[in-house]
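Take a look at the structure set out below.
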Amino acid sequence: MTATPVLQCRGLGKRYSPAGVALLDDINLELHAGEYLAIMGESGVGKSTLLNLLAGLEQPSAGQVILDGTDLGALDDDTATLLRRRSVGFVFQAFHVLPYLSVGQNVALPLDLLGTPMPERGERTRAMLAAVGLETLGARMPRELSGGETQRIAIARALVHRPRLVLADEPTGNLDPRNAAQTLELLRSQVKAQAGAGILITHSRAAADTADRILVLDARGLHAFANG
Amino acid sequence: MRAACTPSRMAEAVPTGGLLRSGLRIWHMLLRAQLREQPGRTLLTVIAIALGVALFAAVALVNATALSEFTHATQRLIGAADVVLRAPGTGFDESLYPTLARDPQVATASPVLELEAALPGRRDTLKVLAMDPFRAATLQVALLAELGPQLVELFAADAAFLSPSAAASLKVTRGDHFNVIVGNQPRALHVAGILPAQAYPQSLALMDIASAQLTLGQLGLLNRIDLRLKAGVDPAAFRSALAARLPPGVVAVAPQVEVERAVTLTRAYRVNLNMLALVSLWTGAFLVFSTQSLSVLRRRRTLALLRALGVTRGELQWALVGEGAALGTIGGILGVAAGVLLAALLLRFIAADLGNSQLRIAGAALVAQPWLLAGFAGIGTVVASLGAWLPARGAAREPPARGLKGGDANLAGTARDALRAGLALSALGALLAWLPPVAGLPLFGYLAIAALLFGAILLVPVLTVRVLRAVPRSGHIILDTAVAQLRERVGLATLGLAAVIVSFSLMVAMAIMVYSFRVSFEHWLGKLLPADLELRVPFGNDTAFWSPADQTGIAATAGIDRARFRRIRPLLLEGAAAPVTLIARDLAGESLGAQLPLVSSVAAAPEPGAIAAYISEALGDQRRLHPGDTFEVSLGAHPLRLAVAGVWRDYARSTGTVVIDRAAYIAASGDTSATDASLWIRSGADIGKVEQALRRSLGSGGDAVEILTSGDLRGRSLQIFDRAFAITYALEAVAVLIGLAGVSFAASATALARRAEFGMLRHVGMLRSQVRRLIGIEGVLTSLFGVLYGLGLGAVLSLVLVFVVNRQSFGWSIDLAVPAWQLALAGCVLVATSALAATLSGRAAMSQSALRAVREDW
């Protein structure tokens, strides 16, 4: 028996006006727990739009997104948000940590939103900080940290609540090669360690190579990367 | 080679004109971008400046017009005299006139009686100028020249020429008669003619002096002599020599003193009103400060890029100041246009006195010189440039590398600098508040308020951080995130709060001052209106009074239990610009503390030969008199030595008042007449019937007497008080509205700047309603802090207003009282409005673009 996929897309399409050109058309995808996928594509092909659709942040014009067995199109905004809160973690190119919260508070943000009780919240935050190598920096403010360290906060925040799906949008776009390599390895290892699924959106072939498989998004749609 | 590359060498290589051109190009580029990207906010900033300039210009123009009318009118009355001899009220013996007319240094001497005549059934008076027409024709040329042969008609018995304004007010024309009250009886005057409209713009009756002396009961008396000196005689030296020869109570003054009397008497009121009108303008400046600061923060990378591309610090700073100056100039020009329109409307439809009856004029045309208007417009430019200067300086000083990298601006460093400057300014303000007035104006008081205000604004970031650090984590994510946001980004919150703190704290200070004044005024009325009924002849008149027989008749009127009479008359002290008021009243009986609102007194009896006098605070300040001191006054030809037995508050007369016992006054002057009375009604008597009986008792002169219950008089006095401060409330309301616009600007600018942050929170699962609540809580916390801070600051500023500005401006003290409920209500409204503005601004930032903003680089 095949396990239920973490994420399923069926005939997914998006156009911003009824008569407009389709930005995405007939996208089909299936992602299982423990799977780490890279999606490559040129600028403007709709990678970010696809990410928004997968997270339930935008409504598709056609097709379905089923996250953990739930059709996101059937949910209102609040229910979709609650599902995202519980099941999705995000890592952005520009880090997007809150500058007015400490490193520890930033990491604990998803747990705060989920109402995790205090002892457990503290324990999981400390464990996550240790996992990304920031165990001594929990009380610091983000402005005191380097770019690589800041992205590690973002990774810890994306994983601290053990989501079923982690979405990473160009997470190494603002990092130097050494920090980029470390970040990609950390992301992959943590997704795998938590037995969730991950999607990495990137321009970089080197980054994409850290994934289990690579797909390409272009005018023809989403298809397997032809090596060589 | 190295020397050739130093910045100074490089600057030398660029011609000055080139630097100017490049600076202008940068200014033009930034301004265009600002107008394109922020049209709404830019427009509102211009409107705020325009509103501030309009209010200031309107108040200043109305005041200038009123003063110009007064000056013009007084110049016509004084004419070409070199020296004016004066003794207010009953004046002096006319025998002084021939003595002066024969003086070899005098070319022309013109005897004058200048009186305010009481009119039957009216509370206002008619100015009567009685002269020898032939002598006056050479001095008051503008007044009399156009009468020509008609001048002889003045010699007819009881004849008067009326100015068009007086004829309209009395509803009479040439050939008609009208009555004035002399003593307690009406006297008819014949309208011999109407003066040309240009001769005198205000209300005036012109009479022959002999006719006036006879008809108005002033036989053998003058109260003014105009002197034209022979060529080569120095007026100042003549005045000084003449002073020794003048009888007691008569002073020789330069005509300019007469002309400037209205200017002097109303200066404090006008200056205070102008300062109040400036509040809106200063609030507008803080709005420019907020807008420009937020705009600089928003464009940090662009500005850093310009610096990296070779724009100098100076060019960038001046370009950004120029942005503010451009907005200020446009606002200034619009404001001047609106101010002129507003002033014209005020002059046309509302009394032009702006709450001060001393400046009441009729039918004045707006006086608006081009240089004055240009000055008002310039104020807009200057104020907006000042508002833009600090953010421009900050932007120019930021290292380009840091700006290009993005992230948070160095608000912590700014807060540290602001702490030092804030403490220094606050200390300076506290010191300035102790300094004395300058030329009768509380200039240091205003400076103290400005220093305390700016100092307090600079202390906002540090104090906010201290307060927010003390707030414990609640475990509620929305509340905790909001508190953390405010604590760490306190600079942004301060920018938004600056305008509202300024306007609200000044509103609080004004509200406390006005409320304190009103409470003290009510207390004062209670002391001065102890009886059931108050009788008085028209205020400020020189012709109506009650003889001893009239007084006996009043006291014997059916239903009257007790009567207490007063004689109120003007008194000119040596060297004083304006007469003080002498009140002779019965001081025996009740304790003085119950009769007068005393602020200090001495228990010891006055020295032999001196009469105990109770002086107002204003007179004490003017003459530096304290309890125990003695001074001399003249009641006509009777010199009188007065010993200051106490100082009291007089809110009715800011030029000074002396109260002495009426028996001592009669003994010294022989004047047994009375002008005011307090009457106690017999128990059970009908007050309406008593009033009718009093009018019958006063006979035909009863028409000119005001009979008011103490309650009515109290109500009317409070109505006048509230009218005087109505303009204050209006100006303050506008300032608070401008301040609220500042909150709204800051909220929307901050919300837009934080779109990516809100987008991230939505990504990680924060509900739309939770983000809205977060913004709302931040709005409530920010405005709550602003309102509480404004209340505290306003309370401090109110101390300066109550104990320094008010005391030094008007010469009277007031007791501090706080309108707690009104302030609490105003604070709640302001918090609610600010929070609403923040929430609405946040709603805009919560659109789909917030999600996309996450993809943008921060």
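First to last, the protein sequences are chains A and B. The opening position of the first sequence corresponds to residue 110 in this note's numbering, with each subsequent residue numbered one higher. The opening position of the second sequence corresponds to residue 125 in this note's numbering, with each subsequent residue numbered one higher. Backbone N, C-alpha and C define an ideal beta-carbon position, used for all residues, glycine too. Quick caveat, the model's predicted, so the values are computed rather than measured.
Exclusion of the five residues before and after serine 627/B leaves Thr407, Ala859, Val860 and Gly863 as the residues of its chain whose Cβ lies within less than 6 Å of its Cβ. Contacts with chain B at 8 Å (Cβ-Cβ) do not include tyrosine 145/A. Listed along the chain, the chain A residues whose CB falls inside 7 Å of the CB of glutamate 881/B are Leu207. Taking C-beta atoms under 8 Å as the contact rule, serine 335/B and alanine 281/B qualify, at a distance of about 6 Å.
Residue burial is scored here from C-beta neighbours: proline 310/B has at least 16 other C-beta atoms within 10 angstroms and is therefore classed as buried.
Proximity to isoleucine 684/B across Gly664/B, Leu818/B, Pro654/B and Arg690/B peaks at Leu818/B, based on C-alpha coordinates. The straight-line gap separating the alpha-carbon atoms of alanine 854/B and asparagine 396/B is approximately 14 Å. By the neighbour-count criterion, in which 16 or more other beta carbons inside 10 Å mark a residue as buried, lysine 251/B falls on the buried side.
Taking 8 Å as the CB threshold, methionine 890/B lines the interface with chain A.
For a Cβ distance threshold of 7 Å, residue set Arg892 of chain B lies close to aspartate 186/A, ordered along the chain. For the C-beta of glutamine 609/B, the chain A residues within less than 7 Å are, from N- to C-terminus, Tyr209. Any Cβ of chain B closer than 8 Å to the Cβ of alanine 289/A would place that residue at the interface, and such an atom is absent.
In the DSSP annotation of this structure, the continuous segment of the alpha helix (DSSP H) that includes aspartate 221/A starts and ends at 212-223. For the region 726-809 of chain B, the continuous beta strand (DSSP E) assignments of 3+ residues that do not extend past its boundaries occur at 735-740, 754-759, 762-772, 781-785 and 800-805, in sequence order.
The beta-carbon separation of threonine 245/A and proline 251/A, rounded to 15 Å, does not stay under the 8 Å limit for a contact. A check of alpha carbon separations from leucine 722/B across Gly733/B, Ala734/B, Asp710/B and Tyr738/B identifies Tyr738/B as the nearest. Interface residue (Cβ-Cβ distance to chain B less than 8 Å): aspartate 221/A is classified as such.
Check the Cα spacing between leucine 695/B and each of Ala708/B, Phe689/B, Ala197/B and Glu218/B: the tightest is with Ala708/B. Counted as a single uninterrupted DSSP element, the stretch harbouring glycine 299/B is not any alpha helix (DSSP H), since DSSP gives it neither H nor E. Interface annotation, histidine 750/B: not in contact with chain A, CB-CB separation never under 8 Å.
For methionine 884/B, the chain A residues whose C-beta falls within less than 8 Å of its own C-beta are Phe199, Phe201, His205 and Leu207, listed in chain order. Bridge partners of proline 235/B according to DSSP: Ile349/B. According to DSSP, tyrosine 209/A shares a beta bridge with no other residue.
The Cβ-Cβ distance between proline 560/B and valine 929/B does not fall below 8 Å.
Residue state for proline 359/B is assigned as helix, using DSSP reduced to three classes. Between alanine 702/B and threonine 588/B, the beta carbon gap of about 50 Å keeps them out of contact (Cβ cut-off 8 Å). Contacts between glutamate 612/B and chain A, judged by CB atoms closer than 7 Å, involve Pro208 and Tyr209 in chain order.
Taking CB atoms only, threonine 190/A has a neighbour in chain B less than 8 Å away. The DSSP assignment places 249-255 and 283-286 as complete runs of the beta strand (DSSP E) inside the region 236-301 of chain B, in order along the chain (cut-off: 3 residues).
With respect to the 8 Å criterion, arginine 765/B and glycine 733/B are classified as neighbours on the basis of their beta carbons. Of the candidates Met631/B, Thr705/B and Gln932/B, the residue whose Cα lies closest to the Cα of glutamate 856/B is Met631/B. The beta carbon of leucine 166/A sits closer than 8 Å to some beta carbon of chain B.
Here the alpha carbon of aspartate 674/B sits roughly 42 Å from the alpha carbon of valine 265/B. For arginine 297/A, same chain residues with a beta-carbon under 7 Å away, outside a window of 5 residues either side, are Tyr145 and Thr319 in chain order.
A residue is called buried once 16 or more other Cβ atoms fall within 10 Å of its Cβ, and serine 152/A, having fewer, is exposed. Beta-bridge pairing by DSSP links leucine 309/A to Ala147/A and Ala277/A.
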